[in-house]
Amino acid sequence: MAGSLVQVATTTVSSAVSDVQMLGIDSDNVYMLTGTNITISTNTAYLQTRVIKAGTTQSANNYKVAAINFRANSSFGNYSNSGTPRTEMYWSGAQPISNDVSGESNACLMYLYNFNDSSEYSFVTVNDLTIESGATALNGNNGGFTYAVAEAHNGISISGYSTTISGGTFTLYKVV
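Just so we're aligned: the sequence shown equals residues 428 to 603 in the working numbering.
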């Protein structure tokens with residue numbers, strides 16, 4: 428059936444890890460990544476997302492990102508960056524997120540395109556949200572990023588930037 432999801436990989440984090448790697452991209456299909464109940468170990472630190480090539484996270488200055496940030500407790504904002512070694516979406520650069528001490532958590536929905544195609548740039552559309560300040564403010568991001576190198580990628584990495592990931596469930600699906 429067209430538009431179905433086939434689970435490729437899932438990981439549940441229950442103790443601090445520096446990196447969650449979601450591997451298994453092996454076709455030209457679109458892939459979808461979900462992340463729920465994501466918490467971090469260090470208050471007001473960042474998460475970052477990167478592509479993986481042959482099992483190695485790519486950290487060259489080839490990421491280009493743009494997003495709009497929707498904040499319930501202040502004004503909206505635009506964010507963009509070009510030529511950076513990691514993505515910088517709401518949860519990883521435009522605003523820091525907080526740890527789970529006061530019930531704060533994060534979630535994301537990403538669609539991954541061209542990852543298996545060595546003649547195209549891999550790109551990702553991102554929707555993410557954060558419940559912060561004791562669940563009194565909901566903030567979100569809508570945007571995307573590209574890794575501006577024409578090469579195949581077999582996965583995606585979510586990692587801490589000055590923190591570790593202390594909780595969350597990440598699932599990678601193939602859209603068929």
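No residue lacks a Cβ here, since even glycine has one placed at the ideal position from N, Cα and C.
task: Go through the stretch 488-518 residue by residue and report every complete run of the alpha helix (DSSP H) that reaches 4 residues or more, in order.
output: Correct list: empty.
- prompt: In whole angstroms, what separates the C-alpha of residue 541 from that of residue 498?
  reply: Translated into positions along the sequence shown, residue 541 becomes position 114. Translated into positions along the sequence shown, residue 498 becomes position 71. Distance between the alpha carbons of residue 541 and residue 498 is about 31 Å.
field: contact_flag[the stretch 461-468, the stretch 481-499] where n(CB pairs < 8 Å) is 3 or more
entry: At 8 Å Cβ cutoff, the stretches do not touch.
query: Smallest Cα separation from residue 595: which of 545, 548, 570, 535?
result: On the sequence shown, residue 595 is found 168 positions in, with the first residue counted as 1. Of the listed residues, the one whose Cα sits closest to residue 595 is 535.
- prompt: If we count Cβ pairs, one from each stretch, closer than 8 Å, do we get three or more for the stretch 471-482 versus the stretch 568-583?
  reply: A contact exists between the stretch 471-482 and the stretch 568-583.
Closest by C-alpha distance to residue 469, when choosing among 587, 602, 598, 601: Position 42 of the sequence shown, counting from 1, holds the residue named residue 469. Of the residues 587, 602, 598, 601, the one whose Cα lies closest to the Cα of residue 469 is 587.
field: Residue range of the unbroken beta strand (DSSP E) whose run includes residue 463
entry: Numbered from 1 along the sequence shown, position 36 holds the residue referred to as residue 463. Per DSSP, residue 463 belongs to the beta strand (DSSP E) from 458-467.
Delimiting residues of the beta strand (DSSP E) encompassing residue 589: Translated into the one-based positions of the sequence shown, residue 589 becomes position 162. Element bounds for residue 589: n/a, residue is neither H nor E.
Three-state class that DSSP yields for residue 430 in the structure shown: For the purposes of this step, residue 430 is identified with residue 3 of the sequence shown, where counting begins at 1. Looking at residue 430 - three-state DSSP - the assignment turns out to be coil, as it is neither helix nor strand.
- request: Name, in chain order, the residues that DSSP records as bridge partners for residue 541.
  value: What you label residue 541 is simply residue 114 of the sequence shown in a count that begins at 1. Paired residues: none, contrary to the question.
field: Short Cβ contact (8 Å threshold) for residue 443 with residue 593
entry: For the purposes of this step, residue 443 is taken as residue 16 along the sequence shown, with counting starting at 1. For the purposes of this step, residue 593 is taken as residue 166 along the sequence shown, with counting starting at 1. Taking 8 Å as the Cβ cut-off, residue 443 and residue 593 qualify as a contacting pair.
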